[in-house]
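To keep things clear, I will list the structure first and then write my remarks on it.
Protein chains: 2
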Amino acid sequence: MKDMMDAVGMSFDDVIEAHDRIAPFIHRTPILTSSYLNERTGAELFFKCENFQKAGAFKVRGASNAVFGLSDADAERGVATHSSGNHALSLSYAAGRRGIPCNVVMPRTAPEAKKAAVRGYGGTITECEPSTSSREAVFAEVHERTGADFVHPYNDPRVIAGQATCSRELLNQVDGLDAVIAPIGGGGMVSGCCLTLSNIAPSVEIYAAEPEQADDAYRSFKAGHIIADDAPVTVADGLKVPLKENTWHFVSNHVTDILTATEQEIIDAMILTWKRMKIVMEPSCAVPLATILKNPEIFRGKRVGVIITGGNVDLETLPWMNS
Amino acid sequence: MKDMMDAVGMSFDDVIEAHDRIAPFIHRTPILTSSYLNERTGAELFFKCENFQKAGAFKVRGASNAVFGLSDADAERGVATHSSGNHALSLSYAAGRRGIPCNVVMPRTAPEAKKAAVRGYGGTITECEPSTSSREAVFAEVHERTGADFVHPYNDPRVIAGQATCSRELLNQVDGLDAVIAPIGGGGMVSGCCLTLSNIAPSVEIYAAEPEQADDAYRSFKAGHIIADDAPVTVADGLKVPLKENTWHFVSNHVTDILTATEQEIIDAMILTWKRMKIVMEPSCAVPLATILKNPEIFRGKRVGVIITGGNVDLETLPWMNS
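Written as structure tokens, this is what we have:
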């Protein structure tokens with residue numbers, strides 16, 4: 160049975176197709192739990208560890224779905240994108256697996272670990288300034304020059320369908336979830352959660368977690384229309400980009416609430432996770448736990464899936480070294 | 160059928176009993192793999208992640224076996240030990256779960272993270288100088304004063320039987336292993352591997368990995384008798400203690416070879432694991448990978464279990480920060 164398509168033309172069939180397409184190129188990442196964090200929050204937290212994912216982040220799901228869905232003729236011209244980091248290296252990984260060129264525009268301030276990984280996978284980097292406007296201008300030039308297929312980091316339905324495979328796995332791995340929480344930047348992961356959960360587990364609440372200093376999604380959600388900041392400053396470097404029409408569709412229709420955390424709360428949650436769970440994860444991934452610790456009344460007594468989105472960190476410049 | 164007992168009076172039945180006794184208090188830790196590290200080493204590596212273990216280290220297996228094996232009368236007087244860190248906090252954790260006192264003697268130079276964890280579990284710390292002689296002198300005083308049951312960090316058959324449950328799990332989790340490698344300090348984990356493997360998988364090779372700067376086990380192995388250093392200096396702070404008679408029995412009879420790595424090789428392998436596998440682990444845990452990278456001809460084409468022994472690291476003072 161073909162599911163009902165929604166207003167952006169997507170259905171759960173897109174998720175199933177994506178999952179079949181990308182399965183050979185991704186990990187089914189494990190779920191970790193922490194009795195300490197359960198006790199401290201009063202909730203049962205199930206951490207979906209996409210930091211252990213291929214290329215170190217969930218973004219390889221959407222990137223692989225786009226790359227391996229191209230016709231041979233389109234694939235020949237390669238793919239291109241702009242990205243704060245993980246989408247860039249995920250697209251480079253996927254393009255490398257298919258053996259096609261990949262051009263990425265990255266802010267010059269992106270973590271060195273991410274730039275090195277892009278190059279390691281065979282991607283070509285063009286640097287821009289760390290603002291949405293500079294990024295889009297530099298990208299337009301690269302795109303025109305190469306004629307490559309543009310795989311937007313989150314506003315592309317192929318990418319959203321790919322990211323949606325993460326919450327589909329989570330539902331298979333954990334019974335009886337009451338809520339799922341993920342960090343929100345451009346909204347690709349959260350939109351994927353919305354696409355999956357609204358179709359196959361509509362009673363599960365969907366929370367998005369955002370840095371207070373890059374709270375454009377929060378303000379958009381409250382205002383009822385997209386509000387975009389040009390160059391927010393936050394330690395959660397993966398979450399600086401604004402919502403776009405496709406992700407706004409999912410966020411505005413299916414998200415239960417958006418919660419925010421301060422920079423210090425994010426760093427505290429990050430170091431707490433490293434210390435207690437012994438996993439390397441990016442500052443962005445700590446935003447959900449920071450908001451859970453800040454709003455215990457929302458989560459107490461619930462079974463909560465927490466998406467750990469990626470693990471590509473510059474180990475030489477950890478945020479608590481300067482705090 | 161009761162297995163044959165060996166020269167130190169232990170049999171595989173001790174491991175089965177220990178496993179049944181401690182199962183409620185420990186995690187069955189996961190196995191992680193890395194296609195990058197497999198490609199780089201030419202081996203298939205299966206990392207047994209005891210850094211995700213309760214109390215952050217495999218040592219909780221042996222400590223729990225000792226604590227929960229005590230009669231009620233003996234348990235009342237509590238337990239005591241000396242330890243460079245992980246045994247101290249593991250024994251504190253186990254004692255806390257049973258609700259009995261725990262006194263530990265720790266070098267004043269032990270990582271703050273470990274001292275804080277001991278106190279968090281309710282253990283009482285007495286500090287000593289960072290040498291075997293000082294540790295043993297201070298402990299004698301504490302032991303006499305408290306009358307507690309002495310749970311040696313590795314020379315105690317109850318502890319060795321507990322550590323042996325780790326390789327028993329590993330064998331259940333990974334088929335067709337050719338070799339197992341673990342770091343060696345006092346030899347508790349390696350002895351546990353010997354006890355399990357020599358009984359139920361005698362064809363599996365057993366390698367021990369040691370810092371070149373604390374290579375007393377290596378020199379003992381080559382000389383055919385125990386050689387003890389008093390205060391070796393290495394970044395692998397868990398591996399500074401010497402072999403004792405019970406662990407020497409297992410090491411001298413069942414270990415295939417002992418391999419060593421320099422400080423820089425250990426730090427390089429540590430940062431490589433953090434970057435590629437996204438796990439927080441102690442310097443000691445990097446010694447096996449360092450020796451595999453150094454001796455590819457030994458491991459190429461083999462399926463190798465690698466014990467990641469613990470994850471209790473001072474995140475504020477990571478070794479590559481000073482290198």
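So the sequences go chain by chain: A and B.
When you line the first sequence up against our numbering, it's residues 160 to 482, in that order.
When you line the second sequence up against our numbering, it's residues 160 to 482, in that order.
Each residue gets a CB set at the ideal place from its N, CA and C atoms; glycine is no exception.
Owing to the predicted nature of the structure, the values given are computational and were not obtained by experimental measurement.
- Item | Cβ contact (3+ pairs, closer than 8 Å) linking the region 275-285 of chain A and the region 388-406 of chain A | No, they do not touch.
- Can you tell me whether residue 249(B) is buried or exposed, with buried defined as 16 or more other CB within 10 angstroms of its CB? Against the second sequence, residue 249(B) aligns to sequence position 90. Of the other Cβ atoms in all chains shown, 16 or more fall within 10 Å of the Cβ of residue 249(B); this residue is therefore buried.
- Which value, in whole angstroms, describes the spacing of the CA atoms of residue 282(B) and residue 214(B)? Residue mapping note: residue 282(B) aligns to position 123 of the second sequence, counting from 1. Residue mapping note: residue 214(B) aligns to position 55 of the second sequence, counting from 1. The alpha-carbon of residue 282(B) is positioned some 13 Å away from that of residue 214(B).
- Item | Close beta carbons around residue 400(A), own chain, < 8 Å, minus the five adjacent residues each side | Locating residue 400(A) in the first sequence gives position 241, counting from the first residue. Around residue 400(A), the same chain offers 243, 291, 312, 313, 344 and 345 as residues with beta carbons nearer than 8 Å, after the five sequence neighbours per side are excluded.
- Task: Using alpha carbons as the reference points, say which of 217(A), 369(A) and 386(A) lies closest to residue 421(A).
- Result: Taking the first sequence and counting its residues from 1, the one referred to as residue 421(A) is at position 262. It is 369(A) whose Cα lies nearest to the Cα of residue 421(A).
- Message: Going by DSSP in three states, residue 283(B) sits in which element: helix, strand or coil?
- Response: Against the second sequence, residue 283(B) aligns to sequence position 124. Three-state result, residue 283(B): strand.
- Where residue 190(A) falls: helix, strand or coil (DSSP): Your numbering for residue 190(A) matches position 31 in the first sequence. Correct three-state label for residue 190(A): strand.
- Item | 7 Å Cβ cutoff, residue 211(B) in contact with chain A | As a first step, residue 211(B) must be located in the second sequence, where it is residue number 52. Taking Cβ atoms only, chain A reaches closer than 7 Å to residue 211(B), which makes this a yes.
- Item | Chain-ordered neighbours of residue 399(A) on chain B, where CB pairs are closer than 8 Å | Residue mapping note: residue 399(A) aligns to position 240 of the first sequence, counting from 1. For residue 399(A), there are no C-beta contacts with chain B under 8 Å, since the nearest C-beta of that chain is about 22 Å from it.
- Please classify residue 374(A): is it buried, with 16 or more other beta-carbons within 10 angstroms of its beta-carbon, or exposed? On the first sequence, residue 374(A) is found 215 positions in, with the first residue counted as 1. Burial call: buried.
- For chain B, find out if any of its Cβ atoms is closer than 7 Å to the Cβ of residue 474(A); answer yes or no. Mapped onto the first sequence, residue 474(A) falls at position 315. Contact with chain B is found for residue 474(A), since one of that chain's Cβ atoms lies less than 7 Å from the residue's Cβ.
- Item | Under the three-state DSSP convention, the category residue 475(A) falls into | Mapped onto the first sequence, residue 475(A) falls at position 316. Correct three-state label for residue 475(A): coil.
- Does the beta carbon of residue 189(B) sit closer than 7 Å to a beta carbon anywhere in chain A? Taking the second sequence and counting its residues from 1, the one referred to as residue 189(B) is at position 30. For residue 189(B), the closest Cβ of chain A is nearer than 7 Å.
- Whether residue 376(B) touches residue 319(B) by CB criterion (7 Å): Mapped onto the second sequence, residue 376(B) falls at position 217. Mapped onto the second sequence, residue 319(B) falls at position 160. If you check the CB distance, residue 376(B) and residue 319(B) do not come in under 7 Å.
- Item | Near-chain A residues of the region 255-289 of chain B - C-beta to any C-beta below 8 Å | Result list: 272.
- Step through the CB atoms of chain B and report whether any lies within less than 7 Å of the CB of residue 464(A). On the first sequence, position 305 is the one that residue 464(A) refers to. Put simply, the CB of residue 464(A) is far from chain B, with every gap to its CB atoms at 7 Å or more.
- Task: Determine the burial state of residue 262(A): buried for a count of at least 16 other Cβ atoms within 10 Å of its Cβ, exposed for fewer.
- Result: Counting from 1 along the first sequence, the entry for residue 262(A) is found at position 103. By the neighbour-count definition (other C-beta atoms within 10 Å, threshold 16), residue 262(A) is a buried residue.
- Task: Please report the residue range of the alpha helix (DSSP H) in which residue 348(B) lies.
- Result: Residue numbering aside, residue 348(B) sits at position 189 when the second sequence is read from its first letter. Unbroken alpha helix (DSSP H) run through residue 348(B): 347-359.
- Query: Should the region 446-460 of chain B be regarded as contacting the region 300-309 of chain B, the criterion being three or more beta carbon pairs within less than 8 Å?
  - Reply: Counting C-beta pairs closer than 8 Å gives fewer than three between the region 446-460 of chain B and the region 300-309 of chain B, which falls short of the contact rule.
- Between the region 203-221 of chain A and the region 462-482 of chain A, are three or more C-beta pairs nearer than 8 Å? Verdict: yes, contact present.
- Task: Could you check which residue in 387(A), 330(A) and 169(A) has the C-alpha nearest to that of residue 189(A)?
- Result: As a working note, residue 189(A) is residue 30 in the first sequence. Residue 330(A) is the option with its Cα nearest to residue 189(A).
- Message: With a threshold of 7 Å between beta carbons, is residue 470(B) in contact with chain A?
- Response: To locate residue 470(B), count along the second sequence from 1; it is residue 311. Closer than 7 Å to some Cβ of chain A, the Cβ of residue 470(B) qualifies, so yes.
- Query: Is residue 218(A) close to chain B, meaning its C-beta is less than 7 Å from at least one C-beta of that chain?
  - Reply: As a first step, residue 218(A) must be located in the first sequence, where it is residue number 59. No, residue 218(A) does not count as interfacial toward chain B.
- Could you pull out every residue in the same chain whose Cβ sits closer than 6 Å to the Cβ of residue 259(A), ignoring the five residues on either side in sequence? Translated into positions along the first sequence, residue 259(A) becomes position 100. Taken in chain order, the residues that qualify are 234 and 237.
- Item | Range of the contiguous alpha helix (DSSP H) that encloses residue 263(A) | Sequence index remark: in the first sequence, residue 263(A) carries index 104 (1-based). Per DSSP, residue 263(A) belongs to no alpha helix (DSSP H); it is in the beta strand (DSSP E), 261-266.
- Task: Could you work out which residue in 257(A), 251(A) and 241(A) is closest to residue 295(A) when comparing CA atoms only?
- Result: Counting from 1 along the first sequence, the entry for residue 295(A) is found at position 136. Checking every option, the nearest Cα to that of residue 295(A) belongs to 241(A).
- Leaving out the 5 sequence neighbours to the left and right, which residues in its chain are closer than 7 Å to residue 454(A) when beta-carbon positions are compared? Within the first sequence, numbered from 1, the residue matching residue 454(A) stands at position 295. The answer, listed in chain order, is 418.
- State buried or exposed for residue 482(A), treating a residue as buried only when at least 16 other CB atoms are found within 10 Å of its CB. Stepping through the first sequence from its first residue, residue 482(A) is reached at position 323. In this prediction, residue 482(A) scores a pLDDT of 46, lower than 50, which makes its location untrustworthy; the coordinate-derived value is nonetheless stated afterwards. So residue 482(A) ends up on the exposed side.
- Message: Under DSSP, the alpha helix (DSSP H) around residue 178(B) begins and ends at which residues?
- Response: Residue numbering aside, residue 178(B) sits at position 19 when the second sequence is read from its first letter. Unbroken alpha helix (DSSP H) run through residue 178(B): 171-181.
- Query: Since residue 430(B) meets chain A, which of its residues come closer than 7 Å, beta carbon to beta carbon?
  - Reply: In the second sequence, the residue the question calls residue 430(B) occupies position 271. In chain order: 474.
- If you measure from the beta carbon of residue 437(A) to each beta carbon in chain C, is any gap under 7 Å? No chain C is present in this structure, whose protein chains are A and B.
- Query: Which bits of chain B does residue 215(A) rub up against, with CB to CB less than 8 Å?
  - Reply: For this step, residue 215(A) is matched to residue 56 along the first sequence. Neighbours of residue 215(A) across chain B, judged by C-beta separation under 8 Å: 437.
- Message: Between the region 177-192 of chain A and the region 336-343 of chain A, can you find at least three pairs of beta-carbon atoms closer than 8 Å?
- Response: Output reads no: the region 177-192 of chain A does not touch the region 336-343 of chain A.
- residue 251(A) to residue 217(A) span [Cα, whole Å]: In the first sequence, the residue the question calls residue 251(A) occupies position 92. In the first sequence, the residue the question calls residue 217(A) occupies position 58. Between the C-alpha atoms of residue 251(A) and residue 217(A) there is a straight-line separation of about 14 Å.
- Task: Quick one: give me the first and last residue of the beta strand (DSSP E) that residue 207(A) is part of.
- Result: Counted from its first residue, the first sequence places residue 207(A) at position 48. 203-208 is the span of the beta strand (DSSP E), which, as asked, contains residue 207(A).
- Collapsed DSSP secondary structure at residue 217(A) in the structure displayed: Counted from its first residue, the first sequence places residue 217(A) at position 58. When secondary structure is reduced to three states using DSSP, residue 217(A) falls in the coil class, being assigned neither helix nor strand.
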